[in-house]
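Numbering (mature numbering (1 follows the signal peptide of the UniProt record, and there is no 0)), first residue to last: -25 to -1, 1 to 462.
Notes follow once the structure below has been shown.
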């Protein structure tokens, strides 16, 4: 499933033939128009920037990001970025391929550019695993609930965005999201340690199985909230409520400051809380809370939770209204490859929050606009003169070599930020009752097993590893040490 040769040639001529910019010139334009704020349902429905310039910039960013992906090349594996680093195959773990697919699904919806739809379709379907639950056996050695969750959220996004459906003989987007949720709702994923909650890892043999964290439970909460809204099924909402309560009761959400912490070990009853704050932990809960607010017709409970989380997160992660990864960005080279992609998810999830909880738009959209302006300003690197770095608030390009990656996360961040400027003109996420086209299967995932036996790895089906984001804050300078996964 690839774009036609003529389309690829035309695109290469358009984008590859553009003039190389000088090291100090800003390539990407988003055309500030001034404070023009038409409203609809209390939300800002128009960007303050030029839509054509935004789309042109997003198109170039999408093209450059795809250069990092080899899954659409002969003999390579669809759906994954080069990796995993544990096998010296590249910088990226399995989950980030799923996150990239979600970024392109949003890009398609917001810009209308279909150039990468076939690549996304192929990648999303190739990684479903034998049970069509995003638990491929070749990734079981380091398969986390969060890894599975990121692929599930991209499938949910495809359903909400009315992304083209797979062929009838393939698993459908809604059913894939339901399969992920169903596997994560099983009792064996929620043992009695720490009074419930999911562990980071799925197989009990994996390092990190003794750690219960926010992102694993946040993915489950997020997917459940969105499935509740999409299907109208109260069961999904019930589990989302319970997951929030667990995160609150275990103090992963600070009761006073509303900061969101990373996790704790079951051997310590989850009381040895790692208080490092990562932007995607907060953002995944914000978006989930917004969907619960929408599903409950604007309930005070969810509105209050949403407001407090949002206020704390904008203050913590957007100093000077520019996205900033507090836990690591203060020291060059301290962020892991995983962390280098968090800004894009935050921009995307906050943008959608304004659609399902429109009262948040006045807080969120001006911040996202300022943050995006800073993001594109520093995209002046590489031979093309438009490569993007990670350090937006510096106001200049910092070579990606400082972080030791090829730059896929950095490029994905800016693509997400620029595309999200178009959110005001986009339709909100659809549901079954508002024109959704994806077929569901509430029984999907019921026959899945948490400890699959890995099959022999072949050329056509290799890769694997899980997310490693749990770095322990060790002092005011922002120095990190790897989290110890044994008590």
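Ideal Cβ placement from N, Cα and C applies to all residues, glycine included.
Just so you know, these numbers come straight off a predicted model, no measurement behind them.
A direct Cα-Cα distance of roughly 22 angstroms separates residue 124 from residue 300. In the structure shown, residue 248 falls within a coil segment according to DSSP collapsed to helix, strand and coil.
Assignment of residue 147 by DSSP, reduced to helix, strand and coil, places it in the coil class.
Going by beta carbons, residue 153 and residue 410 fall outside the 8 angstroms limit.
For residue 299, no beta strand (DSSP E) segment is defined, and its DSSP state is neither H nor E. With contacts defined as CB atoms closer than 8 angstroms, residue 239 and residue 228 fail to qualify as a contacting pair. Contact check for residue 198 against residue 131 passes: the beta carbons are separated by less than 8 angstroms. Bridge pairing for residue 362: 356 [DSSP]. Checking the DSSP bridge columns, you'll see residue 228 partnered with 235.
For the 8 angstroms CB-CB criterion, residue 298 and residue 322 form a contact. Looking from the CA of residue 218, the closest CA among 406, 177, 169 belongs to 169. Judged by beta-carbon spacing, residue 151 lies within the 8 angstroms limit of residue 107, meaning their Cβ atoms are closer than that value. The continuous alpha helix (DSSP H) containing residue 388 extends over residues 383 to 395.
Inter-segment contact for the stretch 281 to 293 and the stretch 256 to 265 is present: three or more beta-carbon pairs are separated by less than 8 angstroms. When rounded, the separation of the alpha-carbon atoms in residue 315 and residue 328 is 22 angstroms. Non-local C-beta neighbours of residue 203 in its own chain, meaning closer than 6 angstroms and more than five positions away in sequence, comprise 211, 212, 270, ordered along the chain. Residue state for residue 416 is assigned as coil, using DSSP reduced to three classes. With 16 or more other Cβ atoms from the protein chains shown falling within 10 Å of its own Cβ, residue 74 counts as buried. Relative to residue 357, the option among 345, 386, 332 whose CA is nearest is 386. Residue 77 carries a helical assignment under DSSP once its states are collapsed to helix, strand and coil. DSSP, reduced to helix, strand and coil, places residue 240 within a strand of the structure shown. Secondary structure within the stretch 167 to 220: the alpha helix (DSSP H) runs of 4 or more consecutive residues, fully enclosed, are 189 to 206 (chain order). Between the C-alpha atoms of residue 252 and residue 143 there is a straight-line separation of about 42 angstroms. Among the bridge pairs identified by DSSP, residue 119 is matched with 176. Counting of Cβ neighbours within 10 angstroms places residue 187 among the buried residues, the total reaching 16 or more. For residue 216, the closest C-alpha among the options 29, 280, 377 is that of 280. Nearest C-alpha to residue 319 among 60, 360, 364: 364.
Comparing C-alpha distances from residue 307 to each of 374, 352, 277 shows the shortest one belongs to 374.
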